[in-house]
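Peer 1: Let me give you the structure first, and then I'll get to my questions.
2 protein chains.
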Amino acid sequence: MDRVLSSELALHAGERVRLAGWMHRIRRLGSGMVFVHLRDRSGICQIVVEAPEAIASLDGLLAESVIEVEGMVAVEPQAAGGFEIHNPTFIVLSAVTDALPFPINKPVINAHLDTFLDHAMVGLRAPSKQAIFRLSAAAAHGFREALDAQGFTEVTTPKIIGTASESGANVFAIDYFGRQAYLAQSPQFYKQIMVGVFERVYEIGPVFRAEPHQTVRHLNEYVSLDAEMGFIKDHTTVMAVLMDVIRGMLSYMAGHCSRELELLHVGMPLAPEVFPHVYFPDAQQWIYEHKGEDCRGEPDLAPQHEKWIGEWAKEVHDSDFVFVTGYPMVKRPFYTAPNPKDPRYSNSFDLLFRGTELVTGGQRLNRFDDYARALEARGMTQDAVAGYLETFRFGMPPHGGFAIGLERFVMQLVGLTNLREAALFPRDMERLQP
Amino acid sequence: MDRVLSSELALHAGERVRLAGWMHRIRRLGSGMVFVHLRDRSGICQIVVEAPEAIASLDGLLAESVIEVEGMVAVEPQAAGGFEIHNPTFIVLSAVTDALPFPINKPVINAHLDTFLDHAMVGLRAPSKQAIFRLSAAAAHGFREALDAQGFTEVTTPKIIGTASESGANVFAIDYFGRQAYLAQSPQFYKQIMVGVFERVYEIGPVFRAEPHQTVRHLNEYVSLDAEMGFIKDHTTVMAVLMDVIRGMLSYMAGHCSRELELLHVGMPLAPEVFPHVYFPDAQQWIYEHKGEDCRGEPDLAPQHEKWIGEWAKEVHDSDFVFVTGYPMVKRPFYTAPNPKDPRYSNSFDLLFRGTELVTGGQRLNRFDDYARALEARGMTQDAVAGYLETFRFGMPPHGGFAIGLERFVMQLVGLTNLREAALFPRDMERLQP
């Protein structure tokens, strides 16, 4: 008999079916009756066990035992989905006789985060935890779908690199056959190089940051959704693609994860056709005038400033997303293109989501001479980035791109309080296991 | 005027259009006339330049200069695609005045592989090189699409790991905030753990092998297409999914990359509904009887043996793919499930593609006690794999999976002679740049 999923019972009302999955919950009533909740990849269904032999076959089994069930699909308006299984017989595929480190069949997992992470192997089976990572997979799928539709090509660039070139700081060193190598902090240089090949590229892959910060908003390894495109007018062309991508991600999630969104009580964010945007010095002026804090002339926005701008976008523009454009050149990397009308500021942007930075992007320099000047102005040598620079000797169009932190996106969307909850097996300064 | 792509000229016959791209080739005729081939992400089109001012605006420009063109779309049966551009005017976005390290506008790139790889930044722009990586992206897309359709969930597992657990050998060591950590050789343990969460998972990501081999078939970083699934009967359930995936990858490539397949003269492989398969000791017996070489009792097949089996599959079964099942347990990792009828052999398989190993897979152990015995038999401690083992204390179904090396798949498909040609920026013992 072919296996049926718990979500498919309605198709088999009145039939005997075979199910398989984890014993999510077992309740043994005083009357002798037993209720089993069976969890499979499609959801959970209830099995009513009354026959003494069937009850005996579950003797001693604890939650998470893996079982096969044959039984009759019966209408039961009280049961989730409207159906349950009667007259079951069981085959035990894998018996669990140890108690779980913490229960995973409650709506909320009460384990301390460290305890949870130590036992993520089983903790992730909890439906509310599963839901986070189904959303995460859907976000990545939506990202791809939106960019595929716009003629982007997916690329895979190396994670082991020969020179710690992009910033020099915060890179992990590797012993590479006796030589020193490094883990890539981002695919920035490679995705720019690949604009010369495919015009429009994206990459979904791990990035590695040796930042010595142990906070709720840092991971030392995370997933970066990177895109880069050529033949742009300036950073506003990149912003237009990014808006399309964000809406694509949200709509993919809405279309594929309604159950998960409901389970996690996620309200879909307001993402209008055009996100509001504010020029960096104008944002500072607005803060000065409306919030009484004078941050004018400072080179960056503080978290509180971003929060205020997020509130403004929501109240005035009905948007959970808002661009801040034109960050000062001094705070942006050497490859950033300046605003031609005021070169103190850059043709770059951050996208704030619910008042916190989610995406960084902008236009890049595209001429070799501009790179040579930018490196000199920052006291950097051309040698360290020689391979990258060669690209710009051989014809590069105006181009730009952006990077979205996948875990951060999911954290903000779901309202998680710690970025570690958005990574399957997070890596931080202290944590390398499991 | 909106930009038009070179592949869209037929839609604009008789109109003036704006194009942008790289000057793939420039031919200055004695008559003064100039022919420019413009390359953009959709292909190449020809521009005929006759007006003296237009010719003058291209003065001194070498191949790969980035230009914008406005001109008239004219029917020209001789031109590729049947159209070309007349009466153009040019804007130079990025002038190239240095000669390329080697020409990239020839059908075949004649540079030595090392020279090519040193300058991959521009070498990859050659249409024949682009085509390889478009095929590679399509292969990954086809893999995803096939598994999405079968209820698999995409996961991302950590690449920095705390213990060099899977084999202990051939791992790269990292300095992780003063502690030793390692780069993941494969997502094997994590994808098995995730079967407990989602039943069916896949991951596309980099893997890192510190193998000290400098051959045409080794890379130290490559892309692994990994899948793992629960509730299998045995390895044959996994093989059925793999056949579906391989056919899905090929059909995605055929549907999306006809131009690339043609350019690279790729004959699509024979992939019947059911691939032929042969049991390991039977393969050895067949080799003994038909090829006169006695390899019976040896624990593995040599490359020549795989080649013979590939030829047999092609001749007798019209298939470029053939499974060899039941590899001896001694050559398989500790998590491999034995053949219950003859535990010297395993419930595992290799899939050969055109006579070379492409995929390894099989059924895994799923009970804690079996793991404990398998580790003891190999003299391994439980401590080194404690987190992974905990998974099996808490209910795991019979499961199995496989891993496809993406670069190897593309190499075999296209008929490349060196695996480095299938990686954008390959990493080997000597090469960390670009």
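Chain order of the listed sequences is F and S.
Read the first sequence against our numbering and you will find it ends at 444, with the numbers running on by one and no gaps.
Read the second sequence against our numbering and you will find it ends at 444, with the numbers running on by one and no gaps.
Beta carbons: idealized from backbone N, C-alpha and C, even for Gly.
1. List the residues of chain S that F:Val5 touches, going by C-beta distances under 7 Å, in chain order.
2. S:His129 CB to nearest chain F CB: under 9 Å?
3. Less than 9 Å between the beta carbons of S:Val424 and S:Leu252, yes or no?
4. Would you call the CB atoms of S:Pro429 and S:Arg418 closer than 9 Å?
5. Around the C-beta of F:Val85, are 16 or more other C-beta atoms found within 10 angstroms, so that it is buried, or is it exposed?
6. Using a beta-carbon distance cut-off of less than 8 Å, what residues from the stretch 88-100 of chain S approach chain F?
7. Closer than 9 Å, CB to CB, is F:His22 near chain S or not?
8. For a cutoff of 9 Å on Cβ pairs, would you count S:Arg388 as touching chain F?
9. Checking 9 Å against the spacing of the C-beta atoms, do F:Asp330 and F:Arg364 come in under that value?
10. Which residue's Cα is closest to the Cα of F:Tyr289: F:Ala250, F:Ile256, F:Val332, F:His275?
11. If the cut is a Cβ gap below 9 Å, which residues of chain S does F:Glu231 touch?
12. Report buried or exposed for S:Tyr262, applying the criterion of at least 16 other Cβ atoms within 10 angstroms of its Cβ.
13. Does any C-beta atom of chain S lie closer than 9 Å to the C-beta of F:His228?
14. Contact criterion: CB-CB distance below 9 Å. Does F:Arg383 meet it with respect to chain S?
15. For F:Leu361, I'd like the list of residues in its chain whose CB is within less than 7 Å of its CB, leaving aside the five on either flank, ordered along the chain.
16. Given F:Ala105, which residues of its chain have a CB within under 7 Å of its CB, disregarding the five upstream and five downstream residues?
17. Classify S:Ala130: buried if its beta carbon has 16 or more other beta carbons within 10 angstroms, exposed otherwise.
18. Examine chain F for any beta-carbon lying closer than 9 Å to the beta-carbon of S:Ile453, and answer yes or no.
19. Establish whether the CB of S:His245 and some CB of chain F are separated by less than 9 Å.
20. What does a CB cutoff of less than 7 Å around F:Glu283 pick up in its chain, not counting 5 residues either side in sequence?
21. Output needed in chain order: residues of the stretch 98-124 of chain F with a Cβ under 7 Å from some Cβ in chain S.
22. So if DSSP puts S:Trp32 in a beta bridge, which residue, or which two residues, is it bridged to?
23. Between S:Gln422 and chain F, is there a C-beta pair that is closer than 9 Å?
24. Specify the secondary structure class of F:Glu270 as computed by DSSP and reduced to three states.
25. Give me whichever residues DSSP pairs with F:Pro338 in a beta bridge.
26. For F:Leu385, which three-state DSSP category applies?
27. Counting only beta-carbon separations shorter than 9 Å, does F:Met11 have a partner in chain S?
28. With which residues is F:Phe363 paired in a DSSP beta bridge?
29. Spell out a yes or no on whether the stretch 240-257 of chain F and the stretch 213-233 of chain S are touching, meaning 3 or more CB-CB pairs, one atom from each, closer than 8 Å.
30. From S:Asp185 to F:Ala194, what does the alpha carbon distance come to, in whole angstroms?
31. Excluding five sequence neighbours on each side, which residues of the same chain lie with their C-beta closer than 7 Å to the C-beta of S:Gly161?
32. Reducing DSSP to helix, strand and coil, say where S:His287 ends up.
33. Does any residue of chain F have a CB that is nearer than 9 Å to the CB of S:Asn376?
34. Using a threshold of 9 Å, state whether the C-beta atoms of F:Thr346 and F:Gly206 are closer than that.
35. Contact check, F:Tyr445 vs F:Ala237 under 8 Å by CB: the rounded distance?
36. Buried or exposed: where does F:Val226 fall if 16 or more other Cβ atoms within 10 Å of its Cβ makes it buried?
Peer 2: The relevant details are as follows:
1. Any answer about residue 5 of chain F is impossible in this case: the structure gives chain F only from 11 up to 444.
2. As a position in the second sequence, residue 129 of chain S is number 119, starting the count at 1. Interface residue, yes.
3. Sequence index remark: in the second sequence, residue 424 of chain S carries index 414 (1-based). Sequence index remark: in the second sequence, residue 252 of chain S carries index 242 (1-based). Cβ atoms of S:Val424 and S:Leu252: not closer than 9 Å.
4. Indexing the second sequence from 1 puts residue 429 of chain S at position 419. Indexing the second sequence from 1 puts residue 418 of chain S at position 408. It is Leu, not Pro, that sits at residue 429 of chain S in the sequence shown. Their beta carbons are under 9 Å apart, which means S:Leu429 touches S:Arg418 by this criterion.
5. Here residue 85 of chain F refers to the residue found at position 75 of the first sequence. Exposed is the call here.
6. none
7. By 1-based counting over the first sequence, the position of residue 22 of chain F is 12. With 9 Å as the cut-off, F:His22 does not count as an interface residue toward chain S.
8. Here the question's residue 388 of chain S lines up with position 378 in the second sequence. Not one chain F Cβ lies under 9 Å of S:Arg388.
9. To locate residue 330 of chain F, count along the first sequence from 1; it is residue 320. To locate residue 364 of chain F, count along the first sequence from 1; it is residue 354. Against a cut-off of 9 Å, the Cβ pair of F:Arg364 and F:Asp330 comes out as a contact.
10. Locating residue 289 of chain F in the first sequence gives position 279, where the first residue counts as 1. It is F:Val332 whose Cα lies nearest to the Cα of F:Tyr289.
11. Sequence index remark: in the first sequence, residue 231 of chain F carries index 221 (1-based). Correct list: Pro168, Lys169, Ile170.
12. The count along the second sequence starts at 1 and reaches residue 262 of chain S at position 252. That one is buried.
13. Counting from one through the first sequence, the residue named residue 228 of chain F turns up at place 218. Taking Cβ atoms only, chain S never reaches closer than 9 Å to F:His228, which makes this a no.
14. Sequence index remark: in the first sequence, residue 383 of chain F carries index 373 (1-based). Chain S, which has no Cβ nearer than 9 Å to the Cβ of F:Arg383, makes this no.
15. On the first sequence, residue 361 of chain F is found 351 positions in, with the first residue counted as 1. Answer for F:Leu361: Leu252, Phe331, Phe333, Leu368, Val369, listed in chain order.
16. The count along the first sequence starts at 1 and reaches residue 105 of chain F at position 95. Contacts found: Leu71, Ser75.
17. Along the second sequence, read from residue 1 onward, the residue named residue 130 of chain S stands at position 120. S:Ala130 is buried by the Cβ-count criterion.
18. For chain S, the structure presents residues 11 to 444; residue 453 of chain S sits outside this window and is missing.
19. Within the second sequence, the letter at position 235 stands for residue 245 of chain S. So no, S:His245 is outside the interface.
20. Position 273 of the first sequence, counted from the first residue, corresponds to residue 283 of chain F. Answer for F:Glu283: no residue qualifies.
21. Leu103, Ser104, Val106, Asp108, Leu110
22. Within the second sequence, the letter at position 22 stands for residue 32 of chain S. Paired residue(s): S:Arg49, S:Val76.
23. Sequence index remark: in the second sequence, residue 422 of chain S carries index 412 (1-based). Judged by the 9 Å Cβ criterion, S:Gln422 is not in contact with chain F.
24. Sequence index remark: in the first sequence, residue 270 of chain F carries index 260 (1-based). DSSP places F:Glu270 in helix when its eight states are reduced to three.
25. Counted from its first residue, the first sequence places residue 338 of chain F at position 328. DSSP, once it has assigned bridges, lists F:Tyr355 as partnering F:Pro338.
26. Residue mapping note: residue 385 of chain F aligns to position 375 of the first sequence, counting from 1. In this structure, F:Leu385 counts as helix in the three-state DSSP scheme.
27. Walking along the first sequence from the start, residue 11 of chain F turns up at place 1. Output row for F:Met11: interface = no.
28. If you number the first sequence from 1, residue 363 of chain F lands on position 353. F:Phe363 pairs with F:Phe331, F:Thr366.
29. no
30. The residue labelled residue 185 of chain S in the question sits at position 175 within the second sequence. The residue labelled residue 194 of chain F in the question sits at position 184 within the first sequence. Each residue's Cα considered, the two are about 14 Å apart.
31. Residue 161 of chain S sits at position 151 when you count from the first residue of the second sequence. Excluding sequence neighbours, S:Gly161 sits near Arg210.
32. Counted from its first residue, the second sequence places residue 287 of chain S at position 277. Residue state, collapsed to three classes: strand.
33. Looking up residue 376 of chain S in the second sequence gives position 366. Closer than 9 Å: yes.
34. Taking the first sequence and counting its residues from 1, the one referred to as residue 346 of chain F is at position 336. Taking the first sequence and counting its residues from 1, the one referred to as residue 206 of chain F is at position 196. Against a cut-off of 9 Å, the Cβ pair of F:Gly206 and F:Thr346 comes out as no contact.
35. In the structure displayed, chain F extends from 11 to 444; residue 445 of chain F sits before or after that span and is not available.
36. If you number the first sequence from 1, residue 226 of chain F lands on position 216. With fewer than 16 Cβ atoms within 10 Å of its Cβ, F:Val226 is classed as exposed.
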